[in-house]
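**Q**
Protein chains: 2
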Amino acid sequence: MARPRSDKKRQAILDAAVELLADRGIGYAPTSAISSAAGVAEGTLFTYFKTKDELLNELYREMRKEIDREMADYPFSADVHTRLRFVWDRFLDMAEKYPKRLKVQQQLRSSGRLLKDAEAPNMVIKELLQTSREGAEVGGLDGASPEYLVLMFRAQAEATAEFIAAHREMELESRELGFKLVWRALAGQ
Amino acid sequence: MARPRSDKKRQAILDAAVELLADRGIGYAPTSAISSAAGVAEGTLFTYFKTKDELLNELYREMRKEIDREMADYPFSADVHTRLRFVWDRFLDMAEKYPKRLKVQQQLRSSGRLLKDAEAPNMVIKELLQTSREGAEVGGLDGASPEYLVLMFRAQAEATAEFIAAHREMELESRELGFKLVWRALAGQ
DNA sequence: ACAATAAATGAGTGAGCAGTCGCTTATAGG
DNA sequence: CCTATAAGCGACTGCTCACTCATTTATTGT
Chain V
46 MARPRSDKKR
56 QAILDAAVEL
66 LADRGIGYAP
76 TSAISSAAGV
86 AEGTLFTYFK
96 TKDELLNELY
106 REMRKEIDRE
116 MADYPFSADV
126 HTRLRFVWDR
136 FLDMAEKYPK
146 RLKVQQQLRS
156 SGRLLKDAEA
166 PNMVIKELLQ
176 TSREGAEVGG
186 LDGASPEYLV
196 LMFRAQAEAT
206 AEFIAAHREM
216 ELESRELGFK
226 LVWRALAGQ
Chain S
46 MARPRSDKKR
56 QAILDAAVEL
66 LADRGIGYAP
76 TSAISSAAGV
86 AEGTLFTYFK
96 TKDELLNELY
106 REMRKEIDRE
116 MADYPFSADV
126 HTRLRFVWDR
136 FLDMAEKYPK
146 RLKVQQQLRS
156 SGRLLKDAEA
166 PNMVIKELLQ
176 TSREGAEVGG
186 LDGASPEYLV
196 LMFRAQAEAT
206 AEFIAAHREM
216 ELESRELGFK
226 LVWRALAGQ
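Those protein sequences? They're chains V and S, same order as listed.
For what it's worth, this note's numbering labels the leading residue of the first sequence as 46, then goes sequentially.
For what it's worth, this note's numbering labels the leading residue of the second sequence as 46, then goes sequentially.
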């Protein structure tokens with residue numbers, strides 16, 4: 046019986062937030078700047094997100110959801126090497142397509158402002174846990190904690206994305222080299 | 046002919062800054078809270094650091110200097126494996142002794158508030174660059190960019206420190222496993 | 001067309017912040 | 001001991017920020 050909220054406006058706010066958070070940092074990106082970059086009034090931002098912290102958490106959740114979406118055609122039944130490589134490539138695709146998102150994710154993770162549920166493992170991580178277990182068997186790392194292996198994998202992928210962002214011309218070789226290193230580490234060659 | 050500045054007070058301010066930045070985040074740690082945690086007046090903070098940004102940059106530089114100091118007895122003439130392992134262990138020692146510093150370093154690096162000179166490679170990084178080159182030869186990665194290899198090394202070390210912080214009881218095995226992975230990756234077993 | 005509802009707006013508000021300043025106090029050199 | 005100098009102090013200032021609210025506007029169901 047009333048005016049509905051607009052998904053477009055909500056998305057515009059989230060997109061503007063990514064830009065400003067990446068460029069200025071969480072504590073230095075005012076909600077007023079975010080709303081004006083999104084093309085809405087200051088008050089409007091708060092009908093979509095009750096507080097700035099809620100916006101930050103929601104943004105983090107949305108970014109993770111989109112990663113999950115990107116991984117939709119994950120080859121569940123392929124061998125470990127193929128599955129790991131799939132995640133590796135999709136992750137780097139995303140990082141190149143939206144270089145600011147990675148930065149924002151890192152900022153949010155080290156900000157202490159994320160609720161626990163926002164950080165809960167998503168589909169990709171769950172799948173990686175399983176894959177890591179299998180990879181560990183292959184590499185004789187049976188005793189290793191899968192959580193740790195996933196952390197290492199992510200660290201490598203993020204470092205690679207960071208390097209590629211700074212050296213675009215080395216994109217392909219860095220992807221290959223990076224995965225070679227990861228695979229050597231996990232599976233022992 | 047006048048009252049000298051006190052190294053103790055300067056250090057107290059830097060120490061208090063680490064605590065508050067780690068707990069609250071850069072944009073949410075007011076200088077007033079830092080000065081009072083350090084036991085000095087608000088104005089005093091600004092006789093030691095002209096602005097908050099200068100404090101942040103100085104803090105980052107000091108943390109790097111202390112890492113260099115920690116690496117003072119680096120075994121320059123030992124073999125690659127020994128040297129890498131030395132850096133690995135010292136890094137993790139520091140991370141366990143001062144868990145908040147690592148967090149603050151990550152925050153500062155992703156904050157966009159560091160001047161370029163604060164981020165210039167320090168002694169350890171320069172040494173790691175050289176070591177990585179040699180490690181790459183050992184592992185048949187001769188074409189690889191040493192900068193990239195160093196980035197990967199740091200990423201692994203930070204991930205390991207993070208994991209150990211969350212799982213103290215797995216400290217020793219994580220150190221071993223982590224280095225095993227790094228060495229496998231770099232040198233190919 | 002109309003009434004009911006909620007979105008949209010942007011000036012306003014109170015809190016909190018980085019940095020200042022006039023004053024007090026400690027220290028070094030003479 | 002005395003004087004010059006700068007450290008130390010904390011109330012204060014001007015500004016910015018997250019969030020509110022009275023009003024206007026768009027949309028929906030009848």
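Here a beta-carbon is modelled for each residue, glycine too, at the ideal position from N, C-alpha and C.
Computed from a prediction, not measured in an experiment: that's the story for all the values here.
How is Leu159 of chain V classed by DSSP in three states: helix, strand or coil?
**A** When secondary structure is reduced to three states using DSSP, Leu159 of chain V falls in the coil class, being assigned neither helix nor strand.
**Q** Anyone know if the C-beta pair for Pro191 of chain V and Ser177 of chain V falls short of 7 Å?
**A** yes
**Q** CB Ala237 of chain V to CB Ala204 of chain S, shorter than 7 Å?
**A** Only positions 46 to 234 of chain V appear in this structure, which leaves residue 237 of chain V out of reach.
**Q** Listed from N- to C-terminal order along the chain, which residues in the stretch 176-196 of chain S have their beta-carbon within a distance smaller than 9 Å of any beta-carbon of chain V?
**A** Within the stretch 176-196 of chain S, the residues whose Cβ lies closer than 9 Å to some Cβ of chain V are Gly184, Leu186, Gly188, Ala189, Ser190, Glu192, Tyr193, Leu194 and Leu196, listed in chain order.
**Q** Asp68 of chain S versus chain V: which residues are under 8 Å apart at the beta carbon?
**A** Gly157
**Q** Whose C-alpha, out of V:Gln56, V:Lys148, V:Lys95 and V:Ser77, is nearest the C-alpha of Arg154 of chain S?
**A** V:Lys148
**Q** Quick check: Gly21 of chain V and Gly72 of chain S, are their CB atoms within less than 7 Å of each other?
**A** Since the first residue of chain V shown is 46 and the last is 234, residue 21 of chain V is not available in this structure.
**Q** Compute the Euclidean distance between the alpha carbons of Met215 of chain S and Lys171 of chain V, then round it to the nearest angstrom.
**A** In a straight line, the C-alpha of Met215 of chain S is about 22 Å away from that of Lys171 of chain V.
**Q** Quick check on DSSP: helix, strand or coil for Lys95 of chain V?
**A** coil
**Q** Note down, in chain order, each residue of its chain lying with its Cβ closer than 7 Å to the Cβ of Arg130 of chain V, except the 5 sequence neighbours on either side.
**A** Phe224
**Q** Answer yes or no: does any C-beta atom of chain V fall closer than 7 Å to that of Gln150 of chain S?
**A** no
**Q** Under a three-way DSSP split, which group does His212 of chain S fall into?
**A** coil
**Q** Considering only their Cβ atoms, is the gap separating Arg135 of chain S from Glu115 of chain S smaller than 7 Å?
**A** yes
**Q** Given a cut-off of 7 Å on the beta-carbon distance, is the pair Pro144 of chain V and Ala210 of chain V in contact?
**A** yes
**Q** Please list, in chain order, the chain S residues whose beta carbon lies closer than 9 Å to that of Gln201 of chain V.
**A** Met197, Ala200, Gln201, Ala204 and Ala230
**Q** Is the separation between the beta-carbon of Tyr193 of chain V and that of Phe208 of chain S shorter than 7 Å?
**A** yes
**Q** So, is the C-beta of Phe208 of chain S closer than 7 Å to a C-beta in chain V?
**A** It does; some Cβ of chain V falls within 7 Å.
**Q** Taking C-alpha atoms, which residue in S:Arg220, S:Leu104 and S:Ser51 lies nearest to Ala67 of chain S?
**A** S:Leu104
**Q** If the criterion is Cβ atoms closer than 7 Å, does the pair Val169 of chain V and Ile112 of chain V meet it?
**A** yes
**Q** Using the three-state DSSP reduction, which class does Gln60 of chain V fall into: helix, strand or coil?
**A** Before going further, note that residue 60 of chain V is Asp rather than Gln in the sequence given. Note: Asp60 of chain V maps to helix in three-state DSSP.
**Q** Chain V beta carbons: is any one of them nearer than 7 Å to that of Ile58 of chain S?
**A** no
**Q** Shorter than 7 Å from the beta carbon of Tyr93 of chain S to some beta carbon of chain V?
**A** no
**Q** Any idea if Gln150 of chain S is buried or exposed, counting beta-carbon neighbours within 10 angstroms, 16 or more meaning buried?
**A** Buried, since its Cβ has 16 or more Cβ neighbours within 10 Å.
**Q** Select from V:Trp133, V:Arg55, V:Pro49 and V:Ala82 the residue whose C-alpha is nearest the C-alpha of Leu65 of chain V.
**A** V:Ala82
**Q** Gly70 of chain S: buried (16+ other C-beta within 10 angstroms of its C-beta) or exposed?
**A** buried
**Q** With DSSP as the reference, label Gln152 of chain S as helix, strand or coil.
**A** helix
**Q** In chain S, which residues lie less than 7 Å from Ser219 of chain V when you measure between Cβ atoms?
**A** Tyr193
**Q** In chain order, what residues of the same chain lie with their CB nearer than 6 Å to the CB of Arg109 of chain S, ignoring the 5 residues before and after it?
**A** Asn167
**Q** Hey, could you find the ends of the alpha helix (DSSP H) Asp134 of chain V is sitting in?
**A** Where Asp134 of chain V is concerned, the enclosing alpha helix (DSSP H) starts and stops at Val125 to Lys142.
**Q** Taking C-beta pairs closer than 9 Å, name the residues in chain S that Met215 of chain V reaches, listed in chain order.
**A** Ser190 and Tyr193
**Q** So, is Ser122 of chain S buried or exposed, given that buried needs 16 or more other C-beta atoms within 10 angstroms?
**A** exposed
**Q** Under the rule that 16 or more other beta-carbon atoms within 10 Å means buried, what is Gly180 of chain S, buried or exposed?
**A** buried
**Q** Measure the alpha-carbon distance for Lys53 of chain S versus Ala86 of chain S and round it to whole angstroms.
**A** Each residue's alpha carbon lies about 14 Å from the other.
**Q** Establish whether the CB of Leu147 of chain V and some CB of chain S are separated by less than 7 Å.
**A** no
**Q** Return yes when the Cβ of Gly184 of chain V is within less than 7 Å of the Cβ of Leu222 of chain V, no when it is not.
**A** no
**Q** Using a Cβ-Cβ distance under 7 Å, would Leu226 of chain V count as near chain S?
**A** yes
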